[in-house]
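The numbering of the sequence shown is our numbering, which starts it at -19 and goes up by one.
No residue lacks a Cβ here, since even glycine has one placed at the ideal position from N, Cα and C.
Working notes, beginning with the structure itself.
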Amino acid sequence: MIEHTIIFTGPLRSGKTSAIASVSDIPVVSTQEVTSDLVLDLGFGITQDKSATLVMDYGCMNLGGEERIHLFATPGDERFDFMWDALTEGAIGVVILLDNSRRSPLKEMDFFLNAFGTLVEKRRAVLGINRMEEHPIPTLRTYQERAGLLEVQVPIFELDPRQPKDVRTALRALLYSQDPGLVQSPV
Ligand SMILES: Nc1nc2c(ncn2[C@@H]2O[C@H](COP(=O)(O)OP(=O)(O)OP(=O)(O)O)[C@@H](O)[C@H]2O)c(=O)[nH]1
Ligand SMILES: [Mg+2]
């Protein structure tokens, strides 16, 4: 069996758990935490009590034959960021999800490109921007210009994590950078 690992990361509520749930062949193994003291900042001063990933989420995709991808989602909360390096070591790539409704998604982009710098340098990262349907600004071009300034080469997509086809597009881009032959597989 050939095993690959792909990480989904990004700020709080950027759709990491949803993305894994969209494409996983198994029910997502989730560590969701629902706490009354967890008040999420949804931007524009709107806050909401909700559940969030506490430690990690796990899903899995069979590519057919003897190949499968393990999918891990980090928590948005940085309390567990010490685990990121260990996860990165075994991963073929990272999907960085950014929430376009946040106040400073470009700053968050900088933060995550830096935190997952080892994969980004090897061009094993893609950026997925969500909530663009309601928040079209910053545009993809702005993100691309920012990436250009930082001298990083990453594919940048509009990505609704609830849509399997959007998540699959991001995964395909990552697999392609790993091995163009893999794109034949039914991701
Ligand atoms: N309208 C809209 N809702 C979205 C989008 N992406 C995610 N959501 C919603 O945002 C909420 C949070 O999504 P999650 O998948 O839990 O986000 P997460 O990144 O795992 O969150 P944490 O684990 O708390 O960091 C869910 O209710 C999603 O359905 C999007 O592109 N558009
Ligand atoms: Mg989550």
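For this session: Helix, strand or coil for Leu22, going by three-state DSSP, please let me know.
Result: Since pLDDT at Leu22 reaches only 48, below the 50 mark, its modelled position is unreliable, and no value is offered.
Exercise. What residues are listed by DSSP as bridge partners for Asn42?
Worked result: Per DSSP, Arg48.
Exercise. Helix or strand or just coil, what does DSSP make of Leu(-8)?
Worked result: In this structure, DSSP gives Leu(-8) a state outside helix and strand, which the three-state scheme calls coil.
For this session: Note down, one range per segment and in chain order, each beta strand (DSSP E) of at least 3 residues found wholly within the region 52 to 88.
Result: Listed in chain order, they are 73 to 79.
For this session: Would you give the residue range spanned by the beta strand (DSSP E) that Val9 belongs to?
Result: It is not in any beta strand (DSSP E) - Val9 carries neither H nor E in the DSSP assignment.
Exercise. Which class does Phe119 belong to by DSSP, given the choice of helix, strand or coil?
Worked result: The identity of residue 119 in the sequence shown is Thr, whereas the question assumes Phe. Three-state DSSP puts Thr119 in coil, outside helix and strand.
Problem set entry | Contact set for Ile109: own chain, Cβ-Cβ below 6 Å, skip 5 residues either direction | Leu78, Asn80 and Glu138
For this session: Check whether the Cβ of Leu120 sits closer than 7 Å to any heavy atom of ligand 1, and report yes or no.
Result: no
Exercise. For Val(-19), is the classification buried or exposed, using 16 other Cβ atoms within 10 angstroms of its Cβ as the cut-off for buried?
Worked result: One point to set straight first is that residue -19 is Met, not Val, in the sequence displayed. By the neighbour-count rule (16 or more Cβ atoms within 10 Å), Met(-19) is not buried but exposed.
For this session: Could you give the DSSP three-state label for Asp37: helix, strand or coil?
Result: strand
Problem set entry | Length of the line joining the Cα atoms of Ile76 and Glu47 | 23 Å
Problem set entry | Helix, strand or coil at Glu13 according to DSSP, with G and I counted as helix | strand
Exercise. CB of Thr(-3) to nearest heavy atom of ligand 3: below 7 Å?
Worked result: This structure does not include ligand 3; its bound ligands are ligand 1 and ligand 2.
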